[in-house]
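Visitor: The listed protein sequences derive, respectively, from chains E and L. In terms of this note's numbering, the first sequence opens at residue 205 and continues consecutively. In terms of this note's numbering, the second sequence opens at residue 11 and continues consecutively. Glycine included, C-beta positions come from ideal geometry on N, C-alpha and C. Note that the coordinates shown come from a computational prediction; the quantities given were computed from them, not determined experimentally.
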Amino acid sequence: MADLTGDIARLGMSRRRILQAALLAGPGAMALAACARADSSTPTGTAASGAATLQIASPTNPVKWPINPGNEAIASGLSPEKDAVLRLYNYADYLDPGIIKSFEEKYADTGVKVELSTFNDTLEAMAKIRGGSVPFDIYFPSYDQIGKLVLANLVRPLQHSYIPNIANVYPEFLNPFYDLEWQYTTPYTLYTTGIGWRTDRVSEDIAARPNPYDVFWDPQYQEHLAVLDDYREVIGMTLLRNGGTDVNTGDDALLAAVRDALLQMNEKTQPRVTITGYTDLPEGRLDLSQAWSGDLIMAVSYLPEGTDPAILRYWFPKDGAGVVNNDVMVSLKGGQNPVLSQLFMNHVMDAKQAMNNFAYTGYQPPQVSITPEQLISDGFIPPNLQEAIVLPGYFDSGYRLLELPPDTEAKYLAIWQQFKAGA
Amino acid sequence: MAKRSQRFLWPALAIPSFAWLALFLAIPFYVVLCIAFGQVDPIFRTSIPAWNPLDWRFDQFAITLDRIFGANNFYLAPITRTITYVVTAVIISLIIAFPVAYFTARYAGKRKGLVLVLLVAPFWISYMMRMLAWVNLLQTDGIVNSVISLGGLLPVEVNWLSGKPYTVVMGLIYGYVPYMILPLFAALDRISPSLLEAARDLGASGFDVFRRVVIPMSIPGIAAGMLLVALPMMGDYFTSDLLSGSPDTSMIGNLINGTIQTPGQSGQAAALLLLVLLVLAAPMFLYTRTVARSETRS
Numbered sequence: 205m206a207d208l209t210g211d212i213a214r215l216g217m218s219r220r221r222i223l224q225a226a227l228l229a230g231p232g233a234m235a236l237a238a239c240a241r242a243d244s245s246t247p248t249g250t251a252a253s254g255a256a257t258l259q260i261a262s263p264t265n266p267v268k269w270p271i272n273p274g275n276e277a278i279a280s281g282l283s284p285e286k287d288a289v290l291r292l293y294n295y296a297d298y299l300d301p302g303i304i305k306s307f308e309e310k311y312a313d314t315g316v317k318v319e320l321s322t323f324n325d326t327l328e329a330m331a332k333i334r335g336g337s338v339p340f341d342i343y344f345p346s347y348d349q350i351g352k353l354v355l356a357n358l359v360r361p362l363q364h365s366y367i368p369n370i371a372n373v374y375p376e377f378l379n380p381f382y383d384l385e386w387q388y389t390t391p392y393t394l395y396t397t398g399i400g401w402r403t404d405r406v407s408e409d410i411a412a413r414p415n416p417y418d419v420f421w422d423p424q425y426q427e428h429l430a431v432l433d434d435y436r437e438v439i440g441m442t443l444l445r446n447g448g449t450d451v452n453t454g455d456d457a458l459l460a461a462v463r464d465a466l467l468q469m470n471e472k473t474q475p476r477v478t479i480t481g482y483t484d485l486p487e488g489r490l491d492l493s494q495a496w497s498g499d500l501i502m503a504v505s506y507l508p509e510g511t512d513p514a515i516l517r518y519w520f521p522k523d524g525a526g527v528v529n530n531d532v533m534v535s536l537k538g539g540q541n542p543v544l545s546q547l548f549m550n551h552v553m554d555a556k557q558a559m560n561n562f563a564y565t566g567y568q569p570p571q572v573s574i575t576p577e578q579l580i581s582d583g584f585i586p587p588n589l590q591e592a593i594v595l596p597g598y599f600d601s602g603y604r605l606l607e608l609p610p611d612t613e614a615k616y617l618a619i620w621q622q623f624k625a626g627a
Numbered sequence: 011m012a013k014r015s016q017r018f019l020w021p022a023l024a025i026p027s028f029a030w031l032a033l034f035l036a037i038p039f040y041v042v043l044c045i046a047f048g049q050v051d052p053i054f055r056t057s058i059p060a061w062n063p064l065d066w067r068f069d070q071f072a073i074t075l076d077r078i079f080g081a082n083n084f085y086l087a088p089i090t091r092t093i094t095y096v097v098t099a100v101i102i103s104l105i106i107a108f109p110v111a112y113f114t115a116r117y118a119g120k121r122k123g124l125v126l127v128l129l130v131a132p133f134w135i136s137y138m139m140r141m142l143a144w145v146n147l148l149q150t151d152g153i154v155n156s157v158i159s160l161g162g163l164l165p166v167e168v169n170w171l172s173g174k175p176y177t178v179v180m181g182l183i184y185g186y187v188p189y190m191i192l193p194l195f196a197a198l199d200r201i202s203p204s205l206l207e208a209a210r211d212l213g214a215s216g217f218d219v220f221r222r223v224v225i226p227m228s229i230p231g232i233a234a235g236m237l238l239v240a241l242p243m244m245g246d247y248f249t250s251d252l253l254s255g256s257p258d259t260s261m262i263g264n265l266i267n268g269t270i271q272t273p274g275q276s277g278q279a280a281a282l283l284l285l286v287l288l289v290l291a292a293p294m295f296l297y298t299r300t301v302a303r304s305e306t307r308s
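(1) Considering only DSSP beta bridges, list what Asp531/E is partnered with.
(2) In the DSSP assignment, what residue or residues form a beta bridge with Glu319/E?
(3) Check whether the stretch 484-500 of chain E and the stretch 513-523 of chain E are in contact - that is, three or more C-beta pairs closer than 8 Å.
(4) Quick one: is Thr177/L near chain E, going by C-beta distance under 7 Å?
(5) By Cβ distance below 7 Å, which residues in the same chain neighbour Tyr186/L in space, the five residues on each side in sequence not counted?
(6) Return the residue from the list Asp418/E, Tyr598/E, Gln424/E, Leu299/E that minimises the CA-CA distance to Thr442/E.
(7) So which residues on chain L does Glu613/E lean against when the C-beta distance must stay under 8 Å?
(8) Do you know how far the Cα of Gly152/L is from the Cα of Ala196/L?
(9) Would you say Ala627/E faces chain L, with C-beta separation under 7 Å as the test?
(10) Counting C-beta neighbours from all protein chains within 10 Å, is the total for Arg299/L 16 or more, i.e. buried, or is it exposed?
(11) What does a CB cutoff of less than 7 Å around Val223/L pick up in its chain, not counting 5 residues either side in sequence?
(12) Can you have a look at Leu492/E and say buried or exposed, based on whether 16 or more other CB atoms are within 10 angstroms of its CB?
(13) For Trp386/E, I'd like the list of residues in its chain whose CB is within less than 8 Å of its CB, leaving aside the five on either flank, ordered along the chain.
(14) If we count Cβ pairs, one from each stretch, closer than 8 Å, do we get three or more for the stretch 270-279 of chain E versus the stretch 298-317 of chain E?
(15) Could you give the DSSP three-state label for Ala279/L: helix, strand or coil?
(16) With DSSP as the reference, label Leu358/E as helix, strand or coil.
(17) Got a sec? Which residues, its chain only, sit under 7 Å from Tyr374/E by beta carbon, not counting five neighbours each side?
(18) Take Thr98/L and list the residues in its own chain whose beta-carbon comes closer than 6 Å to its own, dropping the five residues that flank it on each side.
(19) For Thr114/L versus Val130/L, is the C-beta spacing smaller than 7 Å?
(20) So, helix, strand or coil for Gln149/L, using DSSP?
(21) Nearest by alpha-carbon distance to Ile270/L: which of Ala279/L, Ile262/L, Gly263/L is it?
(22) Is it true that the CB of Met549/E sits closer than 7 Å to the CB of Met533/E?
(23) Which of the three DSSP states, helix, strand or coil, is assigned to Tyr247/L?
(24) Quick one, which residues of the stretch 421-452 of chain E are near chain L if we go by CB-CB under 7 Å, in chain order?
(25) Consider the C-beta atom of Asp523/E and the heavy atoms of the ligand MN; say whether any pair is separated by less than 6 Å.
(26) State the CB to CB distance for the pair Asp433/E and Thr478/E, rounded to an integer number of angstroms; the pair is presumed to be in contact (CB under 8 Å).
(27) Let's test the definition: count the other Cβ atoms within 10 Å of the Cβ of Tyr392/E and tell me whether it reaches 16, buried, or not, exposed.
(28) Check whether chain L comes within 7 Å of Asn541/E, counting only Cβ atoms and requiring the distance to be less than that.
(29) Under the three-state reduction of DSSP, which class applies to Gly400/E: helix, strand or coil?
(30) In whole angstroms, what is the alpha-carbon distance linking Ala240/E and Thr272/L?
(31) Start and end of the beta strand (DSSP E) containing Tyr598/E?
(32) According to DSSP, which residues form a beta bridge with Gln568/E?
(33) Going straight from the alpha carbon of Lys624/E to that of Leu35/L, what length do you get?
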């Protein structure tokens, strides 16, 4: 899940969003939002952002982040903090409560309590972390925020000796382009962005189209489809649909074409803009949706009783040339429990815990022990959703949504604003 | 001595409400101003409010005005859409509310209280919950469709929740109609029955009484009701979000909400909010003035 703009669209019927509903029900939500933004402007990182420039990591320009003076990794072999409250900061329903329980049991002698706070989108989360009012220990962003986190000195470098379970994940994550030598990050989940649909409502095989992304402009699906409420994903998808291969482009001509295409999409199909596809699709409110791979795996559990899971399908380019990303875990500098934080990351990467988390969230962990064949043969994923499995090779062939330079980001957000205004 | 303490007592009783207003209206409003006239952090794209009015800049305001009146005026679409929706919804609300209020005031007799309570009862549930209930009712395989199609006999399948303007307008009407009923009831209830009897005695037909006595006397109630429903409808965004979710029905509220949450655009959101406030303050001001005038007259 990259940056997610908007949040009310997520107020579907799902349990994972009910808390947000409570949050937004207050009449002062707007004023509060304004205050929250105001808070974030007395940030710890103002000095840094004033002078320094943002470094952009990409597969062709991998970055080894600096270790800011005074922010060295903790020593190895320290004992965990006593009677600590370990504060996690994550999307709602994006972590199996069983992991928290088993962690508390494993370290019961330290008296640790784990507290999970949730955010609606990483933009909001970033503002709160910079505000520094809550000492969160672990944050679960996409890697497109690492540059800003390091620049504002908000993350703590890892002491690798606490995290032996890194051996369980794909070796790429020992040296990812966004954080060479995994100084700050451990991988959390993998996902592709594709198209999900119901075969009982959509008769054609979308995967067989020459350009499957065209379905979002096809009037026959008018009013029965959705795109993700995520500016990077929708603009990225439109760039690919227009024949591009750079989903992070700052090129004005390409972006103008994207804007025109999106306004055209509004006209032709009136899509919903939501990230609740994982319930809307199985519950029949949508026939077709832009989706993250994890959404379709999760959708199986939201199907009404008696509905055959075989009606769900997911498409991602066969050659792996689609949008593929991963979320990470970072230890925040504002947190009070560096040792427990790193032990918790280690715990999440334990093979068994990771599988439990996969079952709960639908999002695949980068565990080497997972093979697609086994996921299908174990009945973990129905064969019709085979394409929702993230293959390691995708990370070579796929496109990544990278951190954008601020001026490019502003262009993307302006397009998104216009699209959402229904102009 | 007693007189003196009384002189301080009454103003002192007003302190809590002034404190409340200062804390939750004046200060937040100042924050909005500071954001609207502030700057944007170049890297994090969070807004940097300008707390000192001398530092205020009009860049964000200029962008907002340009998007309304300039070449790429895409703010105009949600603005005109909102006005269309609200005007339609207010008129239909009035058509629904007037007979209800009239009946309650004139014919409910002893059960007036009960009728009013029953009318207002659904609104004890939060607006959000009621809209979520509509989401269930209006699904393609929901109750509304199965009633319209007589349980599946007729081939009717309306996809209510897929960006239909009429669904959003319906949601707005349902959500706010009691705020129309209550002031209308108050106005109609105040009309003394003897006035109506006098009109009949002087030869007016039933319709004449309604047209020439009831309607003119209920105008303050109609105005109050229209204002009371129009103002929150103008700022509403979750009705459209829940019952449509499509950019095709985005209203001003959705535009402001989306803009606030977008990094680097909170200044524009604040500017937009101020503009909406200015525009809405005008009818409010007119209304309070006419009410004040009519009260001094009577």
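Guide: This is what the structure holds:
(1) As a working note, residue 531/E is residue 327 in the first sequence. Asp531/E is bridged to Ser346/E, Thr393/E.
(2) For the purposes of this step, residue 319/E is identified with residue 115 of the first sequence, where counting begins at 1. Beta-bridge pairing links Glu319/E to Arg291/E.
(3) The stretch 484-500 of chain E vs the stretch 513-523 of chain E: in contact.
(4) Taking the first residue of the second sequence as 1, we reach residue 177/L at position 167. No, no contact with chain E.
(5) Working through the second sequence from its first residue, we reach residue 186/L at position 176. Within the same chain, and ignoring the five residues on either side of Tyr186/L in sequence, the residues whose Cβ sits closer than 7 Å to its Cβ are Ser103, Val239, Pro242, Met243.
(6) Along the first sequence, one-based indexing puts residue 442/E at 238. Closest by alpha carbon: Asp418/E.
(7) As a first step, residue 613/E is located in the first sequence; it is residue number 409 there, counting from the start. Those are Arg55, Pro273, Gly274, listed as they occur along chain L.
(8) Along the second sequence, one-based indexing puts residue 196/L at 186. Along the second sequence, one-based indexing puts residue 152/L at 142. As the crow flies, the alpha-carbon of Ala196/L is around 37 Å from that of Gly152/L.
(9) In the first sequence, counting from the first residue as 1, residue 627/E sits at position 423. Yes, Ala627/E lies at the interface with chain L (some Cβ there is under 7 Å from its Cβ).
(10) Start at 1 with the first residue of the second sequence, and residue 299/L comes out as number 289. For Arg299/L, the number of other beta carbons within 10 angstroms of its own is below 16, and it is reported as exposed.
(11) Locating residue 223/L in the second sequence gives position 213, where the first residue counts as 1. Here the set comprises Leu205, Leu206, Ala209.
(12) As a working note, residue 492/E is residue 288 in the first sequence. When all chains shown are included, Leu492/E counts as buried.
(13) If you number the first sequence from 1, residue 386/E lands on position 182. Excluding sequence neighbours, Trp386/E sits near Leu362, His364, Ile370, Phe377, Leu378, Asn379, Pro380.
(14) Because the criterion of three Cβ pairs below 8 Å is not met, the stretch 270-279 of chain E and the stretch 298-317 of chain E do not touch.
(15) Working through the second sequence from its first residue, we reach residue 279/L at position 269. Ala279/L sits in a helix when the DSSP states are folded into three classes.
(16) Residue mapping note: residue 358/E aligns to position 154 of the first sequence, counting from 1. Leu358/E: coil per DSSP, three-state reduction.
(17) Start at 1 with the first residue of the first sequence, and residue 374/E comes out as number 170. Take Tyr374/E, set aside five residues on each side of it, and the residues of its chain with a beta-carbon closer than 7 Å to its own are Pro570, Val572, Pro596, in chain order.
(18) Residue mapping note: residue 98/L aligns to position 88 of the second sequence, counting from 1. If we look at Thr98/L and ignore the five residues flanking it on each side, its Cβ neighbours are Val179.
(19) By 1-based counting over the second sequence, the position of residue 114/L is 104. By 1-based counting over the second sequence, the position of residue 130/L is 120. Inclusion of Thr114/L and Val130/L in the CB contact set at 7 Å is not warranted, their separation being larger than that value.
(20) Here residue 149/L refers to the residue found at position 139 of the second sequence. Gln149/L falls in the coil class under three-state DSSP.
(21) As a working note, residue 270/L is residue 260 in the second sequence. Cα-wise, what sits closest to Ile270/L is Ala279/L.
(22) The count along the first sequence starts at 1 and reaches residue 533/E at position 329. The count along the first sequence starts at 1 and reaches residue 549/E at position 345. Taking 7 Å as the Cβ cut-off, Met533/E and Met549/E qualify as a contacting pair.
(23) Taking the first residue of the second sequence as position 1, residue 247/L is located at position 237. Three-state result, Tyr247/L: coil.
(24) Cβ contacts with chain L: Glu427, His428.
(25) Among the components of this structure there are no ligands whatsoever, and the ligand MN is therefore not found.
(26) Position 229 of the first sequence, counting from 1, holds the residue named residue 433/E. Position 274 of the first sequence, counting from 1, holds the residue named residue 478/E. About 5 Å separates the beta carbons of Asp433/E and Thr478/E, which is inside the 8 Å limit, making them a contact pair.
(27) In the first sequence, residue 392/E corresponds to position 188, counting from 1. Classified as buried, Tyr392/E has 16 or more neighbouring CB atoms from the shown chains inside 10 Å of its CB.
(28) Taking the first residue of the first sequence as 1, we reach residue 541/E at position 337. Judged by the 7 Å Cβ criterion, Asn541/E is not in contact with chain L.
(29) For the purposes of this step, residue 400/E is taken as residue 196 along the first sequence, with counting starting at 1. In this structure, Gly400/E counts as strand in the three-state DSSP scheme.
(30) Numbered from 1 along the first sequence, position 36 holds the residue referred to as residue 240/E. Numbered from 1 along the second sequence, position 262 holds the residue referred to as residue 272/L. Residue placement at Ala240/E is poorly supported in this model, since its pLDDT is 39, which falls under 50; the coordinates still yield a value, given next. Cα-Cα distance, rounded: 13 Å.
(31) Position 394 of the first sequence holds residue 598/E. First-last for Tyr598/E: 598-601, but that is the alpha helix (DSSP H), not the beta strand (DSSP E).
(32) By one-based count along the first sequence, residue 568/E stands at place 364. Gln568/E is bridged to Leu394/E.
(33) Numbered from its first residue, the first sequence carries residue 624/E at position 420. Numbered from its first residue, the second sequence carries residue 35/L at position 25. Rounded to the nearest whole angstrom, the C-alpha separation of Lys624/E and Leu35/L is 29 Å.
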